[in-house]
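Residue numbers (the working numbering), protein chains in the order written: chain D, 1 to 352; chain W, 1001 to 1196. Below you'll find the structure, written out as structure tokens, and then a few comments.
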Amino acid sequence: MQTKIKFPSKRLLLLIFLAGVSVILLESFEIPKGTSFLFDLLTLISGFLITALFFIPSAIIKSRTDLDFMSFAHIKTPNAIIFISAFYCMYFVYTAEYFLIKYCDMFSNKLNSEANIFAVALVLLAVCIYAAYKGTNAIARCSIFIFVFSFIVFVLIFAGNISNLEINATNFSFRGQKTDFINNTSFFLTPAFAAVIFAVLSGYTKNFRPRQIVYSIIITTIIFALILFFTTFALGEYAFAQDYRCFLLSKSTHFGDLDGFDSLYLSISVLTVFLVISLILTCICKSTGKSSSLPIILVFSIIIFVLFICANYFNAVKELLINHYLFNILTFVSAVVIPTFYLIAFRRRLNG
Amino acid sequence: MAKKIILILLCITSILFTGCSSSKQVDKASIAETVTVGEKDGKICYTFYLLSSSDTPVFTSVFADSFEQACSKAKSEYIPNLSLSKVELFITEERIMDKTLKNDIRYISEKPYFSPLMYVTLCDENLLEKFANDKKLPEKAEEHIILLKNNNKHISLNSLSIFNNFYSDSNKVFSVSYINSDKEIKAETLKINAAK
């Protein structure tokens, strides 16, 4: 179902921005309590600077050859592509699992603890299978609507919390440990998985400009910084009373007597997770060399679902699948190490 | 066009899925709007005022040491379908404030179904008796609290603000609202110590 007509690169970057936002929406307790706002902001900036570096190899391949990394690798090393495909498929299964587990945890903790999370995961996967089968272009078109909706929701949440703001000087001091810095930077590096999605799917796009990546990262950084600012100054200590600070922020939103915008928060979190998993399924298709294949999407969806069931029965598996350090290492290998190796090995024939 | 309609329908369905999951059938649910904490015969009594169409207040009183215990007791023994997500007003009698308020606020802050904007106030010992007879009194109390808020920007009126005052290092004494019911009900300001 994937059409061969290329769509504007801006749309893919819009998708990537929304995928990045899903990280903070599903954030539970990654940011430690003892750090100040300025310290967190510094780690946020350093995390996103590293994220920007992750995009460089695939952006070079795209701008020089107008190909995505998988197509480039397929042309340059047709004999080794099976290993590259296998690694990227494994990485994408891990990423899908990371978001599926986090979303289902949030669903069960905040929305309905009595709901069967296997049914929730199955319904979500079913919708994502349909979207992935329709192809990246269809998902990118859907992302325009989701972007407008998310924009309105974020404006409502931030505007509705302005009256709760209590700016205090203590949070403007620079307070935090070295371990907090590593932990925070690692957490803010999580949206770098978008660089791998870009590396694999950029072949479907036209009119690519490197500044599009910069804008996308800057907007995601601003959203993260605003969430950080409002959770620090509008929620204060209350932010640490429960998991999921964005959820609390949406609950404390009010305009006069109208309060509690948590259903809007839950809506954008499900929509962004839907986008992430749909994109990942299309990435898996692309990694196997097919533009869109229902059997491949179905097989990998079954693997993702079975792994999800295992993660819910075996805590060690779950901890491994939602470990953001491991996730970042795998992202680093997928977005930087392998594409850079290809760039160096085939630098002379890059324009060929 | 058909694709766009399908995509929009998918998005709307996902919104509806999330919005309705915590719903309860209105005819079966017992929705608490106001919770009062008072003292009867030397024991702490939590009273849940429920949403109803009758002219007189519908409530259930539970003897417990804390709000956490009262909620679990109320759900298991008295009101199985008790819904606490719409509690707007939490009133504690001033004389038992030191025993219950700080722990109750912590419990409220930890449960996702309570709104951080729920009004939390103190009152004198006569008000709770009046609540049992006059259905419109909680509404009047809320109106007075809002009026007080307009005149005093530094007052802590909701569970979010009171929690932050209790559990942050910076504030030791802070102002909360106090409902006085000597002649007619009126909201005043009362300073309390965060350490207690």
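We treat Cβ as the ideally placed atom computed from N, Cα and C, and that holds for glycine.
Pairwise C-alpha distance: residue j and residue i
{"i": "D/PHE154", "j": "D/GLY236", "result": "19 Å"}
{"i": "D/SER36", "j": "D/ARG245", "result": "16 Å"}
{"i": "D/ILE129", "j": "D/LEU25", "result": "22 Å"}
{"i": "D/SER173", "j": "D/PHE233", "result": "14 Å"}
{"i": "D/LEU13", "j": "D/TYR325", "result": "25 Å"}
{"i": "D/ILE280", "j": "W/TYR1167", "result": "42 Å"}
{"i": "W/ALA1002", "j": "W/SER1115", "result": "40 Å"}
{"i": "W/ILE1105", "j": "D/PHE145", "result": "40 Å"}
{"i": "D/VAL85", "j": "D/VAL270", "result": "The displayed chain sequence assigns Ser, not Val, to residue 85 of chain D. Answer to the nearest angstrom: the Cα atoms are 29 Å apart."}
{"i": "D/PHE48", "j": "D/PHE39", "result": "14 Å"}
{"i": "W/PRO1112", "j": "D/SER22", "result": "20 Å"}
{"i": "D/MET70", "j": "D/ASN183", "result": "31 Å"}
{"i": "D/ALA316", "j": "D/SER301", "result": "22 Å"}
{"i": "D/PHE87", "j": "D/VAL306", "result": "19 Å"}
{"i": "W/GLU1088", "j": "W/ILE1008", "result": "35 Å"}
{"i": "D/THR340", "j": "D/CYS89", "result": "19 Å"}
{"i": "D/ARG211", "j": "W/ILE1079", "result": "60 Å"}
{"i": "D/ILE152", "j": "D/VAL273", "result": "18 Å"}
{"i": "D/SER113", "j": "D/CYS104", "result": "10 Å"}
CB of residue i within 8 Å of CB of residue j, strictly
{"i": "D/ILE268", "j": "D/SER150", "result": "yes"}
{"i": "D/SER287", "j": "D/PHE92", "result": "yes"}
{"i": "D/PHE181", "j": "D/THR51", "result": "no"}
{"i": "W/ALA1035", "j": "W/GLU1093", "result": "Residue 1035 of chain W is actually Val in this sequence, not Ala. Result no, Cβ atoms of W/VAL1035 and W/GLU1093 do not sit closer than 8 Å."}
{"i": "W/VAL1058", "j": "W/SER1052", "result": "yes"}
{"i": "D/ASN205", "j": "D/PHE7", "result": "Before going on, a small fix: residue 205 of chain D reads as Thr here, not Asn. Their beta carbons are under 8 Å apart, which means D/THR205 touches D/PHE7 by this criterion."}
{"i": "D/ILE31", "j": "D/PHE224", "result": "no"}
{"i": "D/PHE261", "j": "D/GLY160", "result": "yes"}
{"i": "D/THR253", "j": "D/ILE329", "result": "no"}
{"i": "W/HIS1144", "j": "W/LYS1183", "result": "no"}
{"i": "D/PHE247", "j": "D/LYS110", "result": "yes"}
{"i": "D/ALA132", "j": "D/ARG11", "result": "no"}
{"i": "W/ILE1179", "j": "W/ALA1132", "result": "no"}
{"i": "W/SER1181", "j": "W/ASN1126", "result": "yes"}
{"i": "D/SER291", "j": "D/CYS283", "result": "no"}
{"i": "D/SER250", "j": "D/LEU228", "result": "no"}
{"i": "D/PRO191", "j": "D/GLY34", "result": "no"}
{"i": "W/LYS1136", "j": "W/ASP1055", "result": "no"}
{"i": "D/TYR98", "j": "D/PHE327", "result": "yes"}
{"i": "D/LEU275", "j": "D/SER143", "result": "yes"}
Neighbourhood of residue i by C-beta, 6 Å cutoff - its chain only, sequence neighbours within 5 removed
{"i": "D/SER46", "result": "THR185"}
{"i": "W/VAL1120", "result": "PHE1090, SER1159 and ILE1162"}
{"i": "D/LYS62", "result": "SER202 and PHE208"}
{"i": "D/ALA96", "result": "ILE277, ILE280 and ILE304"}
Strand pairing of residue i, partner residues [DSSP]
{"i": "W/PHE1174", "result": "W/ILE1192"}
{"i": "W/GLU1093", "result": "W/CYS1123"}
{"i": "D/LEU279", "result": "Answer is none; D/LEU279 lacks a bridge partner."}
{"i": "D/HIS254", "result": "D/ASP259"}
{"i": "W/ILE1179", "result": "W/CYS1123 and W/ALA1187"}
{"i": "D/SER173", "result": "Answer by DSSP bridge pairing: none, since D/SER173 is not bridged."}
{"i": "W/LEU970", "result": "Since the displayed chain W opens at 1001 and closes at 1196, residue 970 of chain W lies outside it and no answer follows."}
{"i": "D/LYS206", "result": "D/PRO8"}
{"i": "W/SER1156", "result": "W/VAL1176"}
Nonlocal neighbours in the same chain, by C-beta distance under 7 Å from residue i, ignoring five residues either side
{"i": "D/ILE101", "result": "PHE308, ALA311, LYS318, LEU321 and ILE322"}
{"i": "W/SER1109", "result": "SER1159 and PHE1163"}
{"i": "D/VAL336", "result": "PHE54 and PRO57"}
{"i": "W/ALA1074", "result": "PHE1048, THR1060, VAL1062 and LEU1082"}
{"i": "W/GLU1149", "result": "Rather than Glu, the amino acid found at residue 1149 of chain W in this sequence is Lys. So the qualifying residues of the chain are ILE1155 and LEU1157."}
{"i": "D/LEU226", "result": "PHE158"}
Run of the beta strand (DSSP E) containing residue i, from where it starts to where it stops
{"i": "W/GLY1038", "result": "1030-1040"}
{"i": "W/LEU1050", "result": "1043-1050"}
Start-to-end residues for the alpha helix (DSSP H) that takes in residue i
{"i": "D/SER85", "result": "81-106"}
{"i": "W/PHE1163", "result": "1159-1167"}
{"i": "W/PHE1059", "result": "Where W/PHE1059 is concerned, there is no enclosing alpha helix (DSSP H), although the beta strand (DSSP E) it sits in stretches over 1058-1063."}
{"i": "D/ALA194", "result": "193-201"}
{"i": "W/HIS1144", "result": "1137-1151"}
{"i": "D/SER301", "result": "294-313"}
{"i": "D/LYS178", "result": "178-188"}
{"i": "D/SER113", "result": "Looking at the DSSP string, D/SER113 is not in any alpha helix (DSSP H), and its letter there is neither H nor E."}
{"i": "D/PRO339", "result": "338-345"}
{"i": "W/VAL1087", "result": "Here W/VAL1087 belongs to no alpha helix (DSSP H), and DSSP marks it neither H nor E."}
{"i": "D/ALA138", "result": "136-161"}
{"i": "D/ASP40", "result": "37-65"}
{"i": "D/ASN363", "result": "Because chain D is modelled from 1 through 352, residue 363 of chain D falls outside the range shown and cannot be assessed."}
Spatial neighbours of residue i in its chain, beta-carbon cut-off 8 Å, leaving aside the 5 residues before and after
{"i": "W/THR1173", "result": "The amino acid at residue 1173 of chain W is misidentified as Thr; the sequence shows Val. Excluding sequence neighbours, W/VAL1173 sits near LYS1191, ILE1192, ASN1193 and ALA1194."}
{"i": "W/LYS1086", "result": "ILE1031, ALA1032, GLU1033 and LEU1051"}
{"i": "D/ILE75", "result": "LEU67"}
{"i": "W/ASN1152", "result": "SER1175 and THR1189"}
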